[in-house]
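Q: This is the structure I have questions about; it appears just below.
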Amino acid sequence: MARALLRVGLTPNMATVIGTVVTSAIALLLIPSGHLFAAAVASGLFAAFDLVDGTMARLRGGGTKFGATLDATCDRVTDGVLFASIIWWLVFVDNAYPALVVAAFVVLIASQVTSYVKARGEASGFTIVGGLVERPERLIIALVGVGLEGLGVPFAIETALWALAFGSVFTVVQRLFTASRNPEALDHIAPPPGTRDSDPQGAGAR
Numbered sequence: 001m002a003r004a005l006l007r008v009g010l011t012p013n014m015a016t017v018i019g020t021v022v023t024s025a026i027a028l029l030l031i032p033s034g035h036l037f038a039a040a041v042a043s044g045l046f047a048a049f050d051l052v053d054g055t056m057a058r059l060r061g062g063g064t065k066f067g068a069t070l071d072a073t074c075d076r077v078t079d080g081v082l083f084a085s086i087i088w089w090l091v092f093v094d095n096a097y098p099a100l101v102v103a104a105f106v107v108l109i110a111s112q113v114t115s116y117v118k119a120r121g122e123a124s125g126f127t128i129v130g131g132l133v134e135r136p137e138r139l140i141i142a143l144v145g146v147g148l149e150g151l152g153v154p155f156a157i158e159t160a161l162w163a164l165a166f167g168s169v170f171t172v173v174q175r176l177f178t179a180s181r182n183p184e185a186l187d188h189i190a191p192p193p194g195t196r197d198s199d200p201q202g203a204g205a206r
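Under UniProt numbering, the first residue of the sequence shown is numbered 1, with each subsequent residue one higher.
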């Protein structure tokens, strides 16, 4: 599939953007309207673009720093749209209990924080690998829950969201603990530009 997309002129970055736009559109259109099983199946199919763009980059000789940044950004967009759509369905279609809506909000926030902890840690030179609930597990559990709910399986979405809520919070704490155990965790960082400590000469002149 990656070779075929390259032959028709698509670049890895184009595949990333197309996958994000289509997957987000599927979630926004199908989940709030109650077409849960169709949304789960279609989202799962187009999520393949999330895997193909990396393969395309490797076939072209390797990815770029911008490509990696674009891919990570689009992942956050896709995750946000998916869980926002689920929350919309819970509130306006399913009339779900407030506690379940809170669990969905916890998943939405924790999914973003999980990725941010890794990105910020790696920017500081830490190595943060793994976690209980990473993005693939998060998407699989969410889409399976949505799909089974669409087929009428009792408590499918409730089970998925509560499992993700606890698992995602645990993963945030787990990654922060990993960062705290890094040998460089207590190293001092440079003060932000423009502060007194960052410009001693300028501070003295004042």
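For glycine and all other residues, C-beta sits at the position ideal for the given N, C-alpha and C.
Using only alpha-carbon positions, find the residue among Thr69, Glu122, Asp53 that is nearest to asparagine 182.
A: When each option's Cα is compared against that of asparagine 182, the closest is Glu122.
Q: What three-state label does DSSP hand serine 124 in the structure shown?
A: In this structure, serine 124 counts as coil in the three-state DSSP scheme.
Q: Straight-line CA distance for glycine 131 to glycine 54?
A: Cα to Cα, the separation comes out at about 21 Å.
Q: Got a sec: is the Cβ-Cβ distance from alanine 104 to anything in chain D below 8 Å?
A: This model lacks chain D altogether, as it is built from one protein chain only.
Q: In whole angstroms, give me the CA-to-CA distance for threonine 11 and alanine 57.
A: Cα to Cα, threonine 11 sits roughly 8 Å from alanine 57.
Q: For lysine 118, count the other beta carbons within 10 Å of its own beta carbon; 16 or more makes it buried, fewer makes it exposed. Which is it?
A: The residue is buried, with at least 16 neighbouring Cβ atoms inside 10 Å.
Q: Looking at aspartate 108: is its Cβ nearer than 8 Å to the Cβ of alanine 84?
A: First, the residue type needs correcting, since residue 108 is leucine and not aspartate in the sequence shown. Yes. Within cutoff.
Q: Any contact of the segment 25–42 with the segment 140–147, i.e. 3+ C-beta pairs under 8 Å?
A: Taking 8 Å as the limit for Cβ pairs, the verdict is that the segment 140–147 does touch the segment 25–42.
Q: Is glutamate 137 helix, strand or coil by DSSP?
A: Helix at glutamate 137.
Q: Would you report the Cα separation of alanine 110 and alanine 163, rounded to the nearest angstrom?
A: Cα to Cα, alanine 110 sits roughly 13 Å from alanine 163.
Q: Look up isoleucine 184 in the DSSP assignment and say whether it is helix, strand or coil.
A: Note that residue 184 is glutamate in the sequence shown, not isoleucine. Note: glutamate 184 maps to coil in three-state DSSP.
Q: How would you label glycine 194, buried or exposed, when you count the other beta carbons within 10 angstroms and need 16 or more for buried?
A: Label assigned to glycine 194: exposed.
Q: Counting along the chain, where does the alpha helix (DSSP H) carrying threonine 69 start and finish?
A: Element bounds for threonine 69: 65–92.
Q: Restricting to runs no shorter than 4 residues, where is the alpha helix (DSSP H) found entirely within the segment 14–66?
A: Those alpha helix (DSSP H) runs which fall completely within the segment 14–66 and span 4+ residues are 36–46, 49–59.
Q: Which one of Val133, Phe105, Pro98, Leu186 has the shortest CA to CA distance from serine 115?
A: Per the Cα distances, Val133.
Q: How far does the alpha helix (DSSP H) with leucine 10 in it reach, from first residue to last?
A: Element bounds for leucine 10: n/a, residue is neither H nor E.
Q: Could you check which residue in Val81, Ile140, Ile18, Val52 has the C-alpha nearest to that of glutamine 112?
A: When each option's Cα is compared against that of glutamine 112, the closest is Val81.
Q: Can you say whether valine 52 is buried or exposed, counting buried as having 16 or more other CB atoms within 10 angstroms of its CB?
A: With 16 or more Cβ atoms within 10 Å of its Cβ, valine 52 is classed as buried.
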